[in-house]
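*Asks:* No gaps in the numbering here: position 270 of the sequence shown is 408 in the numbering used here, and each next residue is one more.
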Amino acid sequence: MSKKISFLFTLLFLTSIVVAQKKEKIKGSKIVTVSVKETPSFENIEINDNFEVFLVKGEKSSIEIEADDNLHDIINYEVAGGTLRITSLRDVSGAKKFAIRINYTSELKLITAKNESSIHALADLELDNITIKNYDNSRSFLNVKANYFALVLNDKSEAEINVKAENTSVELSKNTELKALINSPELKLDMYQKSSATIEGKSKNAKIRIDNNSVLIAKKLDIYNLELTSENYAKCEVYVSNKLILMASGKSEIDLFGDSKIQIDKFTNNAILSKKDK
Numbered sequence: 139m140s141k142k143i144s145f146l147f148t149l150l151f152l153t154s155i156v157v158a159q160k161k162e163k164i165k166g167s168k169i170v171t172v173s174v175k176e177t178p179s180f181e182n183i184e185i186n187d188n189f190e191v192f193l194v195k196g197e198k199s200s201i202e203i204e205a206d207d208n209l210h211d212i213i214n215y216e217v218a219g220g221t222l223r224i225t226s227l228r229d230v231s232g233a234k235k236f237a238i239r240i241n242y243t244s245e246l247k248l249i250t251a252k253n254e255s256s257i258h259a260l261a262d263l264e265l266d267n268i269t270i271k272n273y274d275n276s277r278s279f280l281n282v283k284a285n286y287f288a289l290v291l292n293d294k295s296e297a298e299i300n301v302k303a304e305n306t307s308v309e310l311s312k313n314t315e316l317k318a319l320i321n322s323p324e325l326k327l328d329m330y331q332k333s334s335a336t337i338e339g340k341s342k343n344a345k346i347r348i349d350n351n352s353v354l355i356a357k358k359l360d361i362y363n364l365e366l367t368s369e370n371y372a373k374c375e376v377y378v379s380n381k382l383i384l385m386a387s388g389k390s391e392i393d394l395f396g397d398s399k400i401q402i403d404k405f406t407n408n409a410i411l412s413k414k415d416k
């Protein structure tokens, strides 16, 4: 009997937590207004709800809210520990506008987007080191000029990027999608769990790992030297002009374009390597 009572209390407690976490809904008024808020300086940005965010570089940090007039008060923002966090206190539906312009400085190092938010850059993101992380169906549309650039896509997120960087790192997993133009002497790409990418551009030295039903179309990415690891049911098209070092296993399929030398360090199971004409 006591076990049943304990179970019921636990169930009621968990139910109350779920209810408490649900946000009240609010419908936009369709009357758009703009407000500007100054903020302390920050190095990181974290967007936690379905805002449309536009990034603009400036001398001082601030945010500009363009939204239906009854939605301004539900936008919560704070700077703590060098991170600007923006969340919505209500679940918004039917808004004419629900957008935020963030004026950032050269101190910016990390942007994290979650929960169906979208990140746009109105001009090039020109920074020394910048990392973009997208989760939970969020999206990024960016032009980047940097010394070091990193992109992480996870859980059905998407990105369209144009990158010029000395060193670029990209990691995709869980049904993510990338379209990219990348010009970077050093490139590292990891793809897992049904991710897909179409990449064009140029790289001198690239290291690519593709696994778990992922698909890479990179025959228009001119790579001088490539170290490629392809596993399980992965499929990829790559263009290599000088040297390919290949490690392939499972039922992975590799289509190779270009006239590179080929060094095979591993070739097991039912892996397939096909030489293709451009």
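Beta carbons: idealized from backbone N, C-alpha and C, even for Gly. Note that the structure is predicted; figures quoted are calculated from it, not measured.
For Tyr-362, report the span of its beta strand (DSSP E) as first-last.
*Replies:* Where Tyr-362 is concerned, the enclosing beta strand (DSSP E) stretches over 353-368.
*Asks:* Buried or exposed: which applies to Ile-213, given that a residue is buried once 16 or more other Cβ atoms fall within 10 Å of its Cβ?
*Replies:* The residue in question, Ile-213, is buried, as its Cβ has 16 or more Cβ neighbours within 10 Å.
*Asks:* Considering only residues of the same chain and omitting the five flanking positions on each side of Ser-200, which have a CB-CB separation below 7 Å?
*Replies:* Around Ser-200: Val-174, Lys-175, Glu-176, Thr-177, Asn-241.
*Asks:* Since Lys-389 contacts Asn-370 with CB under 8 Å, what's their CB separation in whole angstroms?
*Replies:* So it is a contact: roughly 7 Å between Cβ atoms.
*Asks:* Let me confirm a value: Asn-272 is counted as buried when at least 16 other C-beta atoms fall within 10 Å, else exposed. Which label applies?
*Replies:* It counts as buried.
*Asks:* Counting only the same chain and skipping the five closest in sequence on each side, list residues whose C-beta sits under 6 Å from that of Asn-351.
*Replies:* Lys-332, Tyr-371.
*Asks:* What number of angstroms, rounded off, separates the C-alpha of Arg-223 from the C-alpha of Phe-180?
*Replies:* Rounded to the nearest angstrom, the two C-alpha atoms are 10 Å apart.
*Asks:* Decide if Leu-149 is buried, meaning its Cβ has at least 16 other Cβ atoms within 10 Å, or exposed.
*Replies:* Its pLDDT being 46, under 50, Leu-149 is placed unreliably in this model, and the value from its coordinates should be taken loosely. The residue in question, Leu-149, is exposed, as its Cβ has fewer than 16 Cβ neighbours within 10 Å.
*Asks:* Rank Lys-302, Ala-284, Ser-276 by C-alpha distance to the C-alpha of Val-290 and give the top, closest one.
*Replies:* Of Lys-302, Ala-284, Ser-276, the residue nearest in Cα terms is Ser-276.
*Asks:* Would you tell me roughly how many angstroms separate the C-alpha atoms of Glu-324 and Asn-313, rounded to the nearest one?
*Replies:* When rounded, the distance between both Cα atoms is 25 Å.
*Asks:* Which residues does DSSP list as the beta-bridge partners of Ser-278?
*Replies:* In DSSP, Ser-278 forms a bridge with Ile-257, Ala-297.
*Asks:* Which of the three DSSP states is assigned to Asp-393 in this structure?
*Replies:* Asp-393 falls in the strand class under three-state DSSP.
*Asks:* Taking the Cβ atom as the reference point for each residue, do Ala-251 and Ala-205 lie within a distance shorter than 8 Å?
*Replies:* Going by C-beta atoms, Ala-251 is not nearer than 8 Å to Ala-205.
*Asks:* Throw me the rounded Cβ distance for the Leu-310 and Met-329 pair, which I believe falls under 8 Å.
*Replies:* That belief holds up - the Cβ atoms of Leu-310 and Met-329 are roughly 5 Å apart, short of 8 Å.
*Asks:* So, helix, strand or coil for Ile-249, using DSSP?
*Replies:* The answer is strand: DSSP assigns Ile-249 an E or B state.
*Asks:* Would you identify the three-state DSSP class for Ile-169, choosing helix, strand or coil?
*Replies:* Three-state result, Ile-169: coil.
*Asks:* In angstroms, rounded to a whole number, what distance separates the CA positions of Asp-293 and Glu-254?
*Replies:* About 11 Å.
*Asks:* Please list the terminal residues of the continuous beta strand (DSSP E) segment that includes Asn-189.
*Replies:* For the record, residue 189 in the displayed sequence is Phe; it is not Asn. From DSSP, Phe-189 is part of no beta strand (DSSP E); its letter is neither H nor E.
*Asks:* In terms of residue numbering, what span does the beta strand (DSSP E) encompassing Asp-206 cover?
*Replies:* Residues 200-206.
*Asks:* For the beta strand (DSSP E) that Ile-348 lies in, which residues bound it at each end?
*Replies:* It spans 334-348 - the beta strand (DSSP E) in which Ile-348 sits, taken as one unbroken run.
*Asks:* Using only CA atoms, which one of Glu-365, Lys-247, Leu-384 lies nearest to Lys-326?
*Replies:* When each option's Cα is compared against that of Lys-326, the closest is Glu-365.
*Asks:* Excluding the five sequence neighbours on either side, which residues of its own chain have a C-beta within less than 8 Å of the C-beta of Ser-154, listed in chain order?
*Replies:* Note that Ser-154 has pLDDT 41, beneath the 50 cutoff, so the model's placement of it is unreliable and no number is given.
*Asks:* Closer than 6 Å by C-beta to Ser-387: which residues in its own chain qualify, once you throw out the five before and the five after it? Chain order, please.
*Replies:* Cβ within range, chain order: Glu-369, Thr-406, Asn-407, Ala-409.
*Asks:* Counting only the same chain and skipping the five closest in sequence on each side, list residues whose C-beta sits under 7 Å from that of Asn-267.
*Replies:* These residues qualify, in order along the chain: Lys-247, Ala-284, Asn-285, Tyr-286.
*Asks:* For Lys-302, which residues in the same chain have their Cβ closer than 6 Å to its Cβ, ignoring the five residues on either side in sequence?
*Replies:* Lys-283, Asn-321.
*Asks:* Among His-210, Phe-395, Leu-384, which has the Cα closest to the Cα of Ile-402?
*Replies:* Comparing Cα-Cα distances from Ile-402 to each of His-210, Phe-395, Leu-384, the minimum goes to Leu-384.
*Asks:* Can you pull the DSSP bridge partners for Ile-212?
*Replies:* Paired residue(s): none; Ile-212 is not in a bridge.
*Asks:* So what's Ser-379 in DSSP terms, helix, strand or just coil?
*Replies:* Of the three classes helix, strand and coil, the one that applies to Ser-379 here is strand, per DSSP.
*Asks:* Who are the Cβ neighbours of Ile-164 in its own chain at under 8 Å, not counting the five residues just before and after it?
*Replies:* Hits under 8 Å: Asn-208, Leu-209, Ile-212, Arg-228, Asp-229, Val-230, Ser-231.
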